[in-house]
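Worksheet for the structure shown next.
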Amino acid sequence: MDEGSELIQQRIRKLEKLRREGRDPFPNNFKVTHTSKDLHDAFGSMSEEELRSVQETFSIAGRILAIRSFGKAGFVQVQDQKGRIQAYFQKDVVGEQSFQLFKTVDIGDFLGLEGRIFRTKTGELTLQVQNFQLLVKSLRPLPEKWHGLTDVETRYRHRYLDLIANPRVKEVFLTRVRAIQMIRDFFTRRGFMEVETPMLHPIPGGATARPFKTYHNALDMELYLRVAPELFLKRLVIGGLERIFEINRCFRNEGISTQHNPEFTMLEFYQSYATYEDMMAMTEELFCSMVKEIIGGLRLTYGGKEIDFTPPWRRIGFRESLLQSGRFDPDILRDRSKAIDAARELGLELKRGTSHGRVLADLFKEVVEPGLIQPTFVTHYPTEVSPLSRQNGDDPEVVDRFELFIAGREIANGFSELNDPIEQRERFLKQLSERGEEADLVLRLDEDFLRALEFGMPPTAGEGIGIDRWVMLLTDSPSIRDVIFFPLLRMEK
RNA sequence: GAGCCGUUAGCUCAAUCGGUAGAGCAACUGACUCUUAAUCAGUAGGUUGCAGGUUCGAUUCCUGCACGGCUCACCA
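Residue 22 is where the first sequence starts when you use our numbering, and the numbers rise one by one after that.
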């Protein structure tokens, strides 16, 4: 603690004075009967005359956000989890001794308040305090009330201050919680079982991203934090769990940006005897129900752009989308070198595996993706960039896969699962040879997964949805850090 | 990892051309029994992110570092 700080010293002196007077500055015997919201809900529409007949007393507790005090009376604004309410202290009502205590409380302290409800001259619903207790003496001054807390570093590092000072922040996280709850309900109602699979993977798989490495002492074993749950969820499908979903953290040791946090939350779900087309239909249904429930309609505004979720959403083939951009010679689809030329013209670096499909995917990312503002399913990606997807029956060069784009970002990725173990092994091997130079990618053949596949996986479709990015859309948040309580930051000095 | 921008009182922000670092809120003292950015009078609060350099003199100019933001790259 910065013991030199005068403000903290003052408060410590107050705390010591309370102790000397025999008052506990941190008691825990106060019983709460109501929240601020309970009172607003019950009495918010009643006039002062009507309130006069309410003789009941209410006990609420919360943190003081503002004090407006006079000689022998005073108002405080108290905040609890559900909101804020004003309380009125009068010397004549609470008594001389209690009023002296009231005079010493600070912004930031917690109070337990008991009293009647009334409406002030200016019309504000207010608790007329009859008895109260200091519940917590706060030792540090809160951010200023009018401008609030805007310093982003403080907001992220000390999220509690952000939550206290900026009511909007609580709403964002409330929306996040509601969205996740709705996803659970959606899948549970459809007979999906929620499961948990390992975070610690001996071989990282299910996505091509750099993993975090860790180590288990007793087993003397290197482990990786999972980059995706996919391969373990499929093992469960092989075990006969036909409908499963998991909502949990994934970890990728990549750069940090407004759309990337090293740990993020992903929903993955799998349904046997379904196809990628069923997944698209389900995604539409899931997202529309959430938007309707949370926004109250099918249109929302993100970053000033209106996004319309009215189904059916646009669907376009991956290759078609490249041609429709009007930026490319159609031959890029047939001729790998033409595709590479097009990429060079755009100034793209092609250091990764430069398979034809990879190059086309890079062109797509550069040219098509940013323009996909309205919800759009892009289907039939090149097989070369989709190592876990089932090939299309008519054209083995592409897979039965889609990605959902909204506001120029990838939100979901789903496909009919590849369940041919021989083909899967070949795809893995191809992937390994393509990326062999990139040693730190730690790609290894997951023999255990391949063995499981050899026992037979029912035809299945699966999908992954980035929850954080979806919540960004629902809450009009420009940065992923606005929807994660504690985004990763460098250590403070 | 690269580029650009930022860092001044607890919070939000000023500070002319390089010339003694200010305000509002918060805090402290006093007045005030319906305020709500309460009001009024007064007081205190600073190693200007850190370390160097230039200069008679640096918040200001230069270099390095730290942390943050945005953009790019890697990825989802």
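Built from N, CA and C at the ideal position, the CB exists for glycine as well.
Model, not experiment: these values are computed from the prediction.
Touch test, the region 438–450 against the region 395–412, Cβ-Cβ under 8 Å, three pairs minimum = Touching, yes, given that three or more Cβ pairs across the two stretches are closer than 8 Å.
For Met242, count neighbouring C-beta atoms within 10 Å of its own C-beta (all shown protein chains included) and say buried if the count is 16 or more, exposed if not.
-> When all chains shown are included, Met242 counts as exposed.
Terminal residues of the alpha helix (DSSP H) in which Lys359 lies | Per DSSP, Lys359 belongs to the alpha helix (DSSP H) from 357–366.
Where does His168 land, buried or exposed, given buried means 16+ other C-beta within 10 angstroms?
-> By the 10 Å Cβ count, His168 comes out exposed.
Helix, strand or coil: how does DSSP classify Ile501 here?
-> In the structure shown, Ile501 sits in a helix (DSSP, three-state: H, G or I).
Just the Cα atoms here: how many angstroms apart are Phe120 and Leu495?
-> Looking at the two C-alpha atoms, the distance is approximately 46 Å.
Report whether the distance from the Cβ of Phe285 to the nearest heavy atom of the ligand GTP is below 8 Å.
-> Only the bare structure without any ligand can be found here, which leaves the ligand GTP out of the picture.
Find out if the Cβ-Cβ distance for the pair Phe272, Pro232 is shorter than 9 Å.
-> Against a cut-off of 9 Å, the Cβ pair of Pro232 and Phe272 comes out as a contact.
Run through the region 227–279 for me and flag every whole alpha helix (DSSP H) of 4 or more residues, listed as ranges in chain order.
-> Listed in chain order, the complete alpha helix (DSSP H) runs (minimum 4 residues) inside the region 227–279 are 251–259.
Residue environment, Asn238, which counts as buried when at least 16 other CB atoms sit within 10 Å | Counting Cβ neighbours within 10 Å, Asn238 comes out exposed, since fewer than 16 surround it.
Per DSSP, what kind of secondary structure is His61 in: helix, strand or coil?
-> His61: helix per DSSP, three-state reduction.
Segment contact flag, the region 336–356 with the region 398–405, C-beta cutoff 8 Å, min 3 pairs | As far as the Cβ criterion goes, the region 336–356 touches the region 398–405, which means the pair count is three or higher.
From this set, Ile85, Ser57, Gly227, which residue's C-alpha is nearest Phe79's C-alpha?
-> For the residues Ile85, Ser57, Gly227, the minimum Cα distance to Phe79 belongs to Ser57.
Segment limits, beta strand (DSSP E) that includes Ser437 | For Ser437, the enclosing beta strand (DSSP E) stretches over residues 430–437.
Express the C-alpha separation of Gly43 and Leu122 in angstroms, rounding to a whole number.
-> The straight-line gap from Cα to Cα measures roughly 12 Å.
Exposure of Lys38, with buried meaning 16 or more beta-carbon neighbours within 10 Å = That one is exposed.
Continuous alpha helix (DSSP H) stretch holding Tyr181: start and end = Start and end: 180–186.
Beta carbon of Thr175, beta carbon of Leu182: below 9 Å?
-> In this structure, Leu182 lies closer than 9 Å to Thr175 by Cβ.
Whole angstroms is fine: what's the gap from Leu72's alpha carbon to Leu148's?
-> Between the C-alpha atoms of Leu72 and Leu148 there is a straight-line separation of about 11 Å.
State the DSSP-derived secondary structure class of Ser119, mapped to helix, strand or coil.
-> Ser119: helix per DSSP, three-state reduction.
Expected contact under 8 Å - CB spacing of Gly392 and Ala433 to nearest Å | With a Cβ gap of about 18 Å, Gly392 and Ala433 do not count as contacting.
For Val504, collect the residues of the same chain with a Cβ closer than 7 Å to its Cβ; drop the 5 residues on either side in sequence, then sort them by chain order.
-> Here the set comprises Val193, Arg197, Asp489, Val492, Met493, Thr496, Ser498.
In its own chain, which residues sit with a C-beta less than 8 Å from the C-beta of Gly324, not counting the 5 before and 5 after it?
-> Within the same chain, Cβ atoms closer than 8 Å to the Cβ of Gly324 are found at Ala428, Asp497, Pro499, the five residues on either side in sequence being excluded.
Residues near Arg348 in its chain [Cβ-Cβ closer than 6 Å; skip 5 each side] = Excluding positions up to five away in sequence, the list reads Val388.
Gly378: first and last residue of the uninterrupted alpha helix (DSSP H) it sits in = Residues 377–384.
Does the region 131–151 come within contact of the region 95–112, defined as at least 3 CB pairs closer than 8 Å?
-> Contact holds between the region 131–151 and the region 95–112, because three or more Cβ pairs, one in each stretch, are under 8 Å apart.
Taking the C-alpha atoms as reference points, what is the distance between Ile265 and Asp172?
-> About 42 Å.
Beta-carbon spacing of Pro333, Leu344 below 9 Å = No, the Cβ-Cβ distance between Pro333 and Leu344 is not below 9 Å.
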